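Since the structure comes first, as structure tokens, the remarks are kept for the end.
In this note's numbering, the protein residues as written are 1056 to 1219.
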């Protein structure tokens, strides 16, 4: 019996680009942390990436992919994209800017054109995971394919989370 999956826009774009990927679906729960999603996927936490959207002083938008257990180093991110500084996009602006909701943001299929950067730690892995374009969906791609299809620029942009 062949089960039809409900493909997301991200998956349709990957199909269109003839890029091999594996879709993963889990119960959509916006309260899940990235670490919990890695556990659900049964994959190392360092291979699961989140997409964060920032805006620079120039008003340009940027997408940054970092491992889910890390934080975006805003100074390093600004340096990578040649901005004086970058700030996280306010949550209220996420959907109108990207077409995605919090927890479902992907570097593929963004509404507005922007440059994409990925933490260079991704280069250590054959495969990486990132959002499939909605909460409850992830895609697994060969790292080199992800770099190509999402036009990802490797840079040192993450840091360990601040301890309070």
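Even glycine gets a Cβ: it sits at the ideal position worked out from N, Cα and C. Note that the structure is a prediction, hence the values are computed from the model and not measured.
(1) What residues in its chain sit with their C-beta under 8 Å from that of residue 1073, if we drop five residues either side in the sequence?
(2) DSSP state of residue 1135, grouped into three classes?
(3) Could you tell me the distance, in whole angstroms, from the CA atom of residue 1213 to the CA atom of residue 1060?
(4) Do residue 1119 and residue 1127 count as a contact pair if the criterion is CB distance below 9 Å?
(5) With respect to the alpha helix (DSSP H) encompassing residue 1066, which residues constitute its N-terminal and C-terminal limits?
(6) Could you name each continuous beta strand (DSSP E) segment of 3 residues or more that falls completely within the stretch 1174-1201, going from the start of the chain to the end?
(7) Are three or more beta carbon pairs between the stretch 1128-1139 and the stretch 1153-1167 nearer than 8 Å?
(8) Helix, strand or coil: which one does DSSP assign to residue 1106?
(9) Does DSSP put residue 1151 in a helix, a strand or coil?
(10) Using a Cβ-Cβ cut-off of 6 Å (strictly less than) and excluding sequence neighbours within five positions of residue 1077, which residues of its own chain qualify?
(11) Determine the burial state of residue 1186: buried for a count of at least 16 other Cβ atoms within 10 Å of its Cβ, exposed for fewer.
(12) When DSSP labels each residue in this structure, what does residue 1123 get in the three-state scheme?
(13) Quick one: Cα of residue 1068 to Cα of residue 1217, how far?
According to the data block:
(1) Within the chain shown, numbered from 1, the residue matching residue 1073 stands at position 18. Answer for residue 1073: no residue qualifies.
(2) In the chain shown, the residue the question calls residue 1135 occupies position 80. It is helical.
(3) One-based indexing of the chain shown puts residue 1213 at position 158. One-based indexing of the chain shown puts residue 1060 at position 5. If I take the Cα positions, the gap works out to 34 Å.
(4) Taking the first residue of the chain shown as 1, we reach residue 1127 at position 72. Taking the first residue of the chain shown as 1, we reach residue 1119 at position 64. Result yes, Cβ atoms of residue 1127 and residue 1119 sit closer than 9 Å.
(5) For the purposes of this step, residue 1066 is identified with residue 11 of the chain shown, where counting begins at 1. 1064-1071 is the extent of the alpha helix (DSSP H) around residue 1066.
(6) 1182-1186, 1192-1197
(7) no
(8) In the chain shown, the residue the question calls residue 1106 occupies position 51. Residue 1106 falls in the strand class under three-state DSSP.
(9) Sequence index remark: in the chain shown, residue 1151 carries index 96 (1-based). Helix at residue 1151.
(10) Counting from one through the chain shown, the residue named residue 1077 turns up at place 22. Counting only Cβ-Cβ distances below 6 Å, and skipping sequence neighbours, we find 1195.
(11) Position 131 of the chain shown holds residue 1186. It counts as buried.
(12) Residue numbering aside, residue 1123 sits at position 68 when the chain shown is read from its first letter. Three-state result, residue 1123: coil.
(13) Taking the first residue of the chain shown as position 1, residue 1068 is located at position 13. Taking the first residue of the chain shown as position 1, residue 1217 is located at position 162. Distance between the alpha carbons of residue 1068 and residue 1217 is about 36 Å.
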